[in-house]
């Protein structure tokens, strides 16, 4: 059974701080990694994807991937109250497997 | 506007009834997916389809059925065999090739409640 693990939180940070969200996965063949943001009562929205080891930056968001450690993280710089949401980590399997396995999500609260 | 639509937004079902949730996409995506989300459980895959007239069971397919007669449409039927259907149902689609395969886009969801 492929697993994706996230700390459920809640993670609470002050406005302007860096929020760090972590995710580990069990399938060594996983090739694609995604971070979704989900506001309460709404559907998930893709905010970052990463395929290669290292860092990928997009505005205030940075995704970090370490395949050897089977670890992917999301950093949110200059956190804003509007970033308060649940963040879901999702991972594909190896080969031609297009299915995503989701973690249970981490609830982030940014305090003004 | 391109996107994924789901209807209805809210659905109430009496015990013993079958209900069908609609999902339509105009993104020209080959693959479509159905997920169920319960509080604190994350997203669990019910069924997925990569091509018209073909679909595969996900992790929790029991009590559900789907069809894929058109590329744009992937309806989900929640049958009376599903013992605990109250949940938030999410439909998604993705391309299977190109620059960013596997990237799944979600519809707004249908919240199903059993009375």
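Protein chains in written order, with the working numbering: chain A, 9 to 120; chain B, 2 to 116.
Note that beta-carbon positions come from the ideal geometry of N, C-alpha and C, so glycine has one too.
- Cβ-Cβ distances below 6 angstroms link residue 22 of chain B to 77, 90 and 111 in the same chain, with the five nearest sequence neighbours on each side left out; the list follows chain order.
- Interface annotation for the region 48-73 of chain A against chain B: 50, 51, 52, 53, 54 and 57, criterion Cβ-Cβ distance under 8 angstroms.
- Taking 7 angstroms as the CB threshold, residue 32 of chain B lines the interface with chain A.
- In the DSSP secondary-structure assignment, residue 64 of chain A is bridged to A:71.
- In the three-state reduction of the DSSP assignment, residue 39 of chain B falls in the strand class.
- Secondary structure of residue 55 of chain B (DSSP, three-state): strand.
- For residue 83 of chain B, there is no enclosing beta strand (DSSP E), as DSSP marks it with neither H nor E.
- Annotated as proximal: residue 109 of chain B and residue 51 of chain A, with beta-carbon spacing under 7 angstroms.
- According to DSSP, residue pairing for residue 39 of chain A in a beta bridge does not occur.
- Judged by pairs of C-beta atoms under 8 angstroms, the region 44-61 of chain A touches the region 85-99 of chain A, as three or more such pairs exist.
- When the five nearest sequence neighbours on each side are left out, the beta carbons in the same chain lying within less than 6 angstroms of the beta carbon of residue 80 of chain B are those of 19 and 64, in order along the chain.
- By the 16-neighbour rule on beta-carbons within 10 angstroms, residue 34 of chain B is buried.
- For residue 107 of chain B, the nearest CB of chain A lies under 7 angstroms from its own CB, placing it at the interface with that chain.
- In the DSSP assignment, residue 28 of chain A falls within the unbroken beta strand (DSSP E) covering 27-33.
- Think of a sphere of 7 angstroms around the beta carbon of residue 17 of chain B: no beta carbon from chain A falls inside it, the nearest being about 28 angstroms out.
- The straight-line gap separating the alpha-carbon atoms of residue 40 of chain A and residue 106 of chain A is approximately 9 angstroms.
- Close CB contacts of residue 56 of chain B within its chain, under the 7 angstroms cut and outside five residues either way in sequence, are with 48, 49, 50, 67 and 69 (chain order).
- Taking the CA atoms as reference points, residue 37 of chain B sits about 11 angstroms from residue 59 of chain B.
- When 7 angstroms is used as the limit between beta carbons, residue 51 of chain B is near these residues of chain A: 106, in chain order.
- By the criterion of a C-beta distance shorter than 8 angstroms, residue 104 of chain B is surrounded in its chain by 95 and 96, once the five residues flanking it on both sides are discounted.
- Under the three-state reduction of DSSP output, residue 89 of chain A falls in the helix class.
- In this structure the region 12-25 of chain A does not lie against the region 68-76 of chain A, because fewer than three pairs of beta carbons, one per stretch, are closer than 8 angstroms.
- According to DSSP, residue pairing for residue 46 of chain B in a beta bridge involves B:36.
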